[in-house]
Structures are given as structure tokens and as C-alpha cells.
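This report refers to the structure that appears directly beneath it.
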Amino acid sequence: MAEVLVLAEHSDGSVKKVTTELLTAARRLGTPSVVWAGPGVEEGRARLAEFGAAKVYVADSADFADYVVAPKAELLAQLVRSASPAAVLLAGSAEGKEVAGRLAVKAGAGVLTDAVDVTAGPDGAALVSQANFGGSVNVRSAVRQGLAIITVRPNAVAPEAGAGAAELVPVAFEASAAAKAARVVSREAAAKSARPDLQEAQVVVSGGRGTGSADGFKVIEELADALGAAVGASRAVTDAGWYPHAFQVGQTGKTVSPQLYTAVGISGAIQHRAGMQTSKTIIAINKDPEAPIFEIADFGVVGDLFTVVPQLIEEIGKHKG
Ligand SMILES: Cc1cc2nc3c(=O)[nH]c(=O)nc-3n(C[C@H](O)[C@H](O)[C@H](O)COP(=O)(O)OP(=O)(O)OC[C@H]3O[C@@H](n4cnc5c(N)ncnc54)[C@H](O)[C@@H]3O)c2cc1C
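Sequential numbering from 63 applies to the sequence shown in the numbering used here.
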């Protein structure tokens with residue numbers, strides 16, 4: 063079977079969920095080999111084995127932390143030369159996309175971004191589904207010449223376990239001087255929220271201009287906490303300073319694809335839809351029955367959010383009780 067490289071996303075030895083999704087997609091194309099850049103592989107190895115990694119190429123170098131994304135692209139290019147994989151899969155994060163672009167240039171390969179599904183085509187090569195133009199057009203693409211480099215949107219592929227040996231293969235790697243042009247000089251840990259990560263969450267509750275103010279937006283946080291969900295926001299909210307920009311969903315914000323997306327007081331502009339349209343189930347709460355968000359909602363409530371949401375929170379509480 064052809065080898066398929068998967069760049070692991072990990073933090074302090076903990077394998078991020080998107081890596082298990084990439085391994086699931088990679089098994090459809092061939093035998094997955096994980097590429098682990100940096101320390102922590104001993105802690106992460108069991109999880110990689112659980113999701114079918116046959117090999118784990120390990121390059122434990124401080125360069126990956128110190129020099130942003132360029133060393134990762136060089137490491138992958140080195141492994142592409144030595145292993146001749148059928149495809150390389152990366153997370154559809156900002157970092158994953160940048161590494162993919164750089165790798166494509168180095169390897170003379172084709173790159174497909176934001177895949178919402180990956181399957182093997184009739185010839186066994188990767189066939190990628192993408193949701194374009196704010197999700198209004200679905201396309202299927204394949205790289206016709208050379209290696210396929212694919213970034214997969216987090217939460218788009220349901221992770222399925224599949225045993226693998228996760229054999230550790232140490233890789234000698236040294237970043238070039240060019241890859242060391244930009245160095246990280248300091249780090250500040252983001253304030254840890256008890257809520258799940260927006261792009262990895264199974265449930266997202268997003269609020270829009272309908273919340274009226276930063277104070278009004280608190281009802282979104284309350285609903286999110288009742289559901290164990292991540293909080294998202296429309297650009298109208300982040301531009302107004304009611305909630306931080308890091309939580310903006312949409313074309314110029316984060317792309318999410320949770321099992322459940324609840325849009326509260328959001329009209330459903332095309333730029334907002336671009337970031338959430340591939341959610342599995344969409345609930346909309348809006349006082350305007352003509353709001354465009356209802357066109358894509360699976361379940362809609364027409365009403366004032368300040369009346370509907372507290373009732374919803376109360377009902378969720380009763381069910382939990
Ligand atoms: C280049 C570009 C990029 C953009 N990128 C993004 C992006 O990444 N993300 C994004 O979100 N937007 C983006 N936008 C902005 C986008 O076009 C919309 O302006 C924005 O999404 C509107 O946010 P909203 O739905 O919260 O506000 P509005 O469009 O004002 O909608 C508010 C909704 O709340 C409802 N409402 C009001 N009061 C209540 C109430 N009490 N109860 C229930 N419902 C109520 C209203 O009926 C209305 O439907 C972008 C725009 C451009 C030009």
C-alpha cells in the first residue's frame with residue numbers, strides 16, 4: 063500500500079483531535095505515517111497507534127518551536143524525497159495551510175486546501191471535496207500531476223480508530239539558514255478558557271449583532287456553558303468590540319464544522335456562512351423570519367433571543383437534572 067504522510071498537530075505531547083481525523087482520512091488512501099516535529103512523541107505515540115499510524119517519523123528539534131513554520135515545510139520536503147508518499151495530509155489550520163503552500167513549492171506538487179472530505183478515487187488517488195463560495199458550491203478535485211498535498215478542515219472527517227504499530231523512526235533534520243530567517247523571540251500563553259477550542263468543538267454557540275451589546279452577549283456564553291459548547295461571534299460583534307476577534311466565525315475569521323452550530327441573532331451574511339456552513343446541524347434563533355440564516359438552518363426559532371435563550375437554558379438544565 064502507498065505511504066501517506068500526516069503532519070501531526072500536537073501540544074505538550076497531547077495529540078490534537080484533528081490529527082486523528084487526518085489519520086482516518088489517510089487510511090482511505092494508503093498506509094499512514096505520521097510526521098512528528100518537536101518533542102513529546104512518547105506521550106502521543108499510543109494515540110497515534112490507536113488511529114492507525116504505521117510509522118512515526120520523529121524529528122525532535124528545537125527549531126520547530128523557535129522558527130515558525132518554515133522548518134516544518136523543510137522536514138516534510140525531506141521526507142517526501144526519501145519516502146515518496148502518495149499524498150501528504152495536514153490540518154486546515156492557518157499554520158497547516160502555510161506549511162502546505164511552502165511544501166508544494168519545494169516538492170513541485172499540487173495543493174488542495176480546506177477539504178471537507180477525502181476519499182480514494184477510481185485510480186486510488188485522493189479525491190477531495192471542498193465547499194466553496196461560502197458553501198454554496200461543492201466541488202470535487204484531484205491533483206493530476208505529482209504528489210497531492212491536502213489540508214483537511216478540522217471536524218470535517220469523523221475520527222475512526224484503526225490499529226497501527228506507530229513504529230518510531232528517528233529522522234536527522236537540521237533547518238536551513240533560510241528557514242531560520244524569522245525567529246520567535248517571546249511567547250505569551252493565551253488565557254485558558256474552560257470552554258472547548260472553537261475549531262475543535264463538537265458544539266458551537268455563536269452570537270450576532272442581535273445581542274445588542276457586550277452585556278447582551280453574555281447570554282451567548284451562558285447558553286454555550288449549558289451545552290458545554292465553544293463560543294463564536296459574527297464580525298458585527300467583534301468589530302463592535304463586544305467579544306474578542308479570535309472568536310469571529312466566517313470568511314475573515316475562523317472556519318468551524320461542528321456537529322451542532324447555533325446562530326443566535328445572526329442574519330446569515332455570506333461571509334458568516336463561509337465559516338460555518340459545513341456544520342452538521344444548524345439551529346438559528348432570530349426575530350426576523352426572513353433572515354437568510356433560516357435558508358441553511360435545520361431548525362429555526364423565530365423570536366426574541368432574550369426570551370428564547372433563557373428558556374432554552376432552563377430546559378437544558380431540567381434535562382441535565
Ligand atoms: C470582506 C468581508 C469579510 C467579512 N467577514 C466576515 C466574517 O468573517 N464573519 C462575519 O460574521 N461577517 C463577516 N463580514 C460581515 C458580514 O457581511 C455581515 O455584516 C455580518 O456577518 C453581520 O453580522 P450579524 O449577522 O451579527 O449582524 P446583522 O446582519 O446586523 O444581523 C443581526 C441579526 O440579528 C437579528 N436580531 C436583532 N435583534 C434580535 C433579537 N433581540 N432577537 C433575535 N434576533 C435579533 C436581526 O433580525 C438580524 O437578522 C464580512 C464582510 C466583508 C465585506
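Beta carbons are placed, not taken as given, at the ideal position from N, Cα and C, and that holds for glycine. It should be emphasised that the depicted structure is a prediction, and the values quoted were computed from it without experimental measurement.
Taken from the Cβ of T93, every heavy atom of ligand 1 lies 7 Å or farther away. Of the candidates A132, A88, K380, the residue whose Cα lies closest to the Cα of V190 is A88.
In its chain, beyond the 5 residues on either side, Q192, N194 have a beta carbon closer than 7 Å to the beta carbon of V201. Residue list for ligand 1: G270, R271, G272, S296, R297, A298, G312, Q313, T314, G315, G327, I328, S329, A331, Q333, H334, N348, K349, D350, A353, D366, L367 (CB closer than 5 Å to any heavy atom, chain order). Rounded to whole angstroms, A188 and R245 show a C-alpha spacing of 35 Å. Its chain contains M63, A64, E65, V66, A148 as the residues whose beta carbon lies nearer than 7 Å to that of G92, once the 5 sequence neighbours on both sides are disregarded; these appear in chain order. Cα atoms of G102 and D360: separation of roughly 42 Å, rounded to the nearest angstrom. A346 is bridged by DSSP to A325, G362.
If you look at V120, you'll find it in the beta strand (DSSP E) that goes 117–121.
Taking C-beta separations shorter than 8 Å and ignoring five residues to either side along the sequence, the partners of D287 in its chain run R257, following chain order.
Here DSSP, grouped into helix, strand and coil, assigns L152 to strand. A direct Cα-Cα distance of roughly 21 Å separates K78 from A132.
Residue pairing by DSSP places V97 opposite L69, Y119 in a beta bridge.
CA-to-CA, the gap between G290 and S146 works out to about 43 Å.
Secondary structure at P372: helix, using DSSP grouped into helix, strand and coil. Within the same chain, and ignoring the five residues on either side of E284 in sequence, the residues whose Cβ sits closer than 7 Å to its Cβ are I375.
Looking at the backbone, the Cα of G270 and that of Q264 are separated by about 20 Å.
In this chain, the alpha helix (DSSP H) harbouring E284 covers 276–289. Proximity of the segment 151–165 to the segment 211–222 meets the contact definition, three or more beta-carbon pairs being nearer than 8 Å.
As for any beta strand (DSSP E) of minimum length 3 sitting wholly inside the segment 125–203, the runs are 149–153, 172–182, 188–194, 199–203, ordered along the chain.
When C-alpha distances from T340 are compared across E357, Q321, G274, F356, the shortest belongs to Q321. In this structure H72 is buried. Its beta-carbon is surrounded by 16 or more other beta-carbon atoms within 10 angstroms. If you draw a straight line from the Cα of K316 to the Cα of A308, it is about 8 Å long.
Setting aside the 5 residues that flank it on each side, A127 is surrounded in the same chain by G100, V246, each with a C-beta closer than 8 Å to its C-beta; the list follows chain order. In the DSSP assignment, G269 is bridged to A295, V326. Taken through DSSP and simplified to helix, strand or coil, V247 comes out as coil.
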